[in-house]
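>
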Amino acid sequence: MPTIQTANTVLDRHYLEMRCSLLDLAAAFDRIARSDNAAVVAQDSRLKLLRQAIDIIASEGTDRAERLQILFSDPYVEGWNRK
């Protein structure tokens, strides 16, 4: 039977990696904001998706990874693999 980890154990194991990922993300947003044509790129649909993803990450629940996957996935198209 699998052992369930405590929340503290999971946080201890992943805290530094999570912090690094957040710093990397913030730095990338800063680089975009400081770049030429930043105002034009501000309306880019990819940045809008990233902002929606941040909202999902900041929300409560146990399905954030699933919601992120759905956010970044194309909608299913019936018969996509048939000619």
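So the sequence shown is numbered by the numbering used here: it starts at 5 and just counts up by one. Just so you know, even glycine gets a beta-carbon here, dropped at the ideal spot from N, CA and C.
1. Where do the N-terminal and C-terminal ends of the alpha helix (DSSP H) with Ser49 fall, by residue?
2. Flag this pair as touching only if the region 54-62 and the region 74-82 have three or more C-beta atom pairs under 8 Å; answer yes or no.
3. Look at the alpha carbon of Glu64 and the alpha carbon of Arg35, and state the distance between them as a whole number of angstroms.
4. Looking only at C-alpha atoms, which of Arg38, Thr66 and Phe33 sits nearest to Lys52?
Here's the rundown:
1. Per DSSP, the continuous alpha helix (DSSP H) segment holding Ser49 begins and ends at Ser49 to Ala62.
2. yes
3. 29 Å
4. Phe33
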